[in-house]
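Novice: In short: position in the sequence shown from 1, add 15, done, that's the numbering used here. All residues carry an ideal CB built from backbone N, CA and C; glycine is no exception. Next up is a structure, given as structure tokens.
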Amino acid sequence: MGWARGYHAYAFEDPGDGSVFGPQKFDGGIDMMHVDMSYGYLADDRKVSLAALLRGEGDTCFYTYDLGDGWEHRLCVEEVIPDA
16 MGWARGYHAY
26 AFEDPGDGSV
36 FGPQKFDGGI
46 DMMHVDMSYG
56 YLADDRKVSL
66 AALLRGEGDT
76 CFYTYDLGDG
86 WEHRLCVEEV
96 IPDA
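As structure tokens, then:
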């Protein structure tokens, strides 16, 4: 498909409080210039796990890939399977 690791920037947004997590510095994402226009500030996603946003069934968060084109996705936990 021509996808390259780290080619586009991304962001995860918590709809509960509006916090947004993503890369903190230019790490190869060609569209990091859109962070200020879209979000203003991104918390460091290396310090927050996705499990902190999505804890139980029905929990949701938003994921935007390619901040220039804005490919927006809604992530929703459908089922939590306990450890065996």
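(1) Are residue 26 and residue 75 close, meaning C-beta to C-beta below 7 Å?
(2) Any idea what DSSP makes of residue 49, helix, strand or coil?
(3) Within 10 angstroms of its Cβ, does residue 37 collect 16 or more other Cβ (buried), or is it exposed?
(4) Using the rule of at least 16 other Cβ atoms within 10 Å of the residue's Cβ for burial, across every protein chain shown, is residue 47 buried or exposed?
(5) Just to confirm, is the Cβ distance from residue 54 to residue 35 under 7 Å?
(6) According to DSSP, is residue 61 part of a helix, a strand, or is it coil?
Specialist: If we stick to the structure as given:
(1) For this step, residue 26 is matched to residue 11 along the sequence shown. For this step, residue 75 is matched to residue 60 along the sequence shown. Cβ distance not < 7 Å, so residue 26 and residue 75 don't count as in contact.
(2) On the sequence shown, residue 49 is found 34 positions in, with the first residue counted as 1. Secondary structure at residue 49: helix, using DSSP grouped into helix, strand and coil.
(3) The residue given as residue 37 occupies position 22 in the sequence shown. By the Cβ-count criterion, residue 37 is buried, with 16 or more other Cβ atoms from all chains shown falling within 10 Å of its own Cβ.
(4) On the sequence shown, residue 47 is found 32 positions in, with the first residue counted as 1. With 16 or more other Cβ atoms from the protein chains shown falling within 10 Å of its own Cβ, residue 47 counts as buried.
(5) To locate residue 54, count along the sequence shown from 1; it is residue 39. To locate residue 35, count along the sequence shown from 1; it is residue 20. Result yes, Cβ atoms of residue 54 and residue 35 sit closer than 7 Å.
(6) In the sequence shown, residue 61 corresponds to position 46, counting from 1. In the structure shown, residue 61 sits in a helix (DSSP, three-state: H, G or I).
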